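Residue numbering for the sequence shown follows UniProt numbering, beginning at 135 and increasing consecutively. For each residue, glycine too, the CB sits at the ideal point set by N, CA and C. Small disclaimer: the values here were computed from a predicted structure and weren't measured.
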Amino acid sequence: PSSPFHPHPPSPVVPSSSTSLQAYAKDKLSDQMVKLFEACQQQTSDLERKELCRFQLQEDIRRVFAVATLYLTGSSMNGLGCRSSDADLCLVIKGHKRVDAIHVLSQLQQLFRSLSYVEKTQLIRAKVPILRFRKKGSDLEFDLNVNNTVGIRNTFLLRSYANADLRIRPLILVIKKWARHNQINDASKGTLSSYTLVLMVLHYLQTLKDPVLPSLQKDFPDCFDPYLDLDEVPDRATRVPPYLSKNQSSLGELLLGFLKYYATEFRWEKQVISVREARSLPKADFQEWRHKYICIEEPFERNNVARAVHEQVKFDAINDQFFESWRILQRSKDLNSILPVRMTI
Ligand code: ATP
Ligand code: MG
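So, in structure tokens, the structure goes:
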């Protein structure tokens, strides 16, 4: 009964081979990044636990919505997850693109109250409404949305980027940990969502003098066709070959470069990030984005993924953090100076 996106058993998130990663980790900072990555990355057993729950939930949901399919999305599936990452779920009710999400989620909340393996359900009325809940007796948290299918497409895109170069997954995991530790990774508090941060990292890697990444949407338009039937969206990144970059920078160099780029080079008041085009676009071309602090285009829907940042103080805090961390790390070349590792694992 599963879609191609969810084969059984679930496709494992293959841990990167540490021997090949070592080539990018010959200095202390890069080595610290690899160690943190290896300690924190999502394990196959974590994914299996999530997949089992997804399957059980789908069975139970089909008692109410017979034509529903439940997809696992986000960092659990895109190769950028930690052991502690939540599980993002998208419920697709076929033929009902315009269902009232709040109404469906209220019905699900009722249903979930009768399920023995679910607890702490909470309906969150955000722009994309979600039902948040936990697997009973565990710290495994789920965020379920209805028909927000762009998440299925962009999960495949991010997964393909994550697999395009060995350095992507450790670099992004460290940056997500750094942002969380420094309290700039929480869209519900007006700062950056993880998804926004990931697009910022991809943009930096795409626009280096020797790019580490291309635009996969430009190079493989058929794979990332925004109108592809959902059943055709693959669960693996095997459709695109690894990108062979001339850029052999170490992980530490890329982390420093990322901080420096957003601390000193990127012009938020003038530029829009487009991962789709692998470049920045002039903000003046987008009437509706002119007064936004941070403009980052969703690769499929082309709306602003950073709309949560709508207060000057939050925007300033984000900028200050980039500048301060860049300054400190440049001097110390020690990951502990911006992200105390023992507190993070
Ligand atoms: P974490 O490991 O911190 O949970 P994550 O990769 O799951 O990170 P989230 O920001 O929680 O990232 O988002 C989960 C998924 O929801 C994303 O991978 C993406 O598929 C989708 N998503 C989130 N925000 C948006 C958005 N603004 N537009 C479209 N899709 C989004
Ligand atoms: Mg998530």
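Simplified DSSP assignment, three categories, for Pro-135: Here the question's residue 135 lines up with position 1 in the sequence shown. Caution applies to Pro-135, whose pLDDT of 34 falls short of 50 and renders its modelled position unreliable; the model cannot decide the point.
Residues whose Cβ lies closer than 5 Å to any heavy atom of the ligand MG, in chain order: Gly-208, Ser-209, Asp-220 and Asp-222
Own chain, CB closer than 8 Å to Pro-146, minus 5 neighbours either side, in chain order: Counting from 1 along the sequence shown, the entry for residue 146 is found at position 12. Unreliable positioning characterises Pro-146 in this predicted model, as indicated by a pLDDT of 41, which lies under 50. A coordinate reading is not provided.
Bounding residues of the alpha helix (DSSP H) (the contiguous stretch that carries Lys-310): Indexing the sequence shown from 1 puts residue 310 at position 176. Start and end: 302 to 315.
Ala-313 versus Asn-319 - alpha carbon distance: The count along the sequence shown starts at 1 and reaches residue 313 at position 179. The count along the sequence shown starts at 1 and reaches residue 319 at position 185. The alpha-carbon atoms of Ala-313 and Asn-319 are separated by roughly 5 Å.
Cβ shell of Ser-349 (< 8 Å), same chain only, five flanking positions each side left out: The residue given as residue 349 occupies position 215 in the sequence shown. Here the set comprises Gln-340, Val-409, Arg-410, Glu-411 and Ala-412.
Which of helix, strand or coil DSSP assigns to Thr-283: Within the sequence shown, residue 283 is the residue found at index 149, counting from 1. Three-state DSSP puts Thr-283 in coil, outside helix and strand.
C-beta neighbour in chain C for Gln-455, strict 7 Å: Any reference to chain C falls outside this structure, which holds one protein chain only.
Element boundaries [beta strand (DSSP E), containing Ile-264]: As a position in the sequence shown, residue 264 is number 130, starting the count at 1. First-last of the beta strand (DSSP E) with Ile-264: 264 to 269.
Cα-Cα separation between Lys-254 and Phe-267, rounded to whole angstroms: Stepping through the sequence shown from its first residue, residue 254 is reached at position 120. Stepping through the sequence shown from its first residue, residue 267 is reached at position 133. Each residue's Cα considered, the two are about 5 Å apart.
heavy atom of the ligand ATP below 6 Å from residue 485 C-beta: Residue 485 is absent from the model: the chain starts at 135 and stops at 479.
Pick from Arg-188, Leu-469 and Val-439 that is closest to Lys-426, judged by C-alpha positions: Locating residue 426 in the sequence shown gives position 292, counting from the first residue. When each option's Cα is compared against that of Lys-426, the closest is Val-439.
Contact under 7 Å by Cβ, Ser-384 with Tyr-158: As a position in the sequence shown, residue 384 is number 250, starting the count at 1. As a position in the sequence shown, residue 158 is number 24, starting the count at 1. Contact flag set, yes.
Closest residue to Arg-424 among Leu-242, Asp-369, Arg-441 and Arg-196 (Cα-Cα distance): Your numbering for residue 424 matches position 290 in the sequence shown. Of Leu-242, Asp-369, Arg-441 and Arg-196, the residue nearest in Cα terms is Arg-441.
7 Å CB neighbourhood of Ile-302 in its chain, flanking five on each side removed: Reading the sequence shown from its first residue, position 168 is the one you call residue 302. So the qualifying residues of the chain are Tyr-295 and Ala-296.
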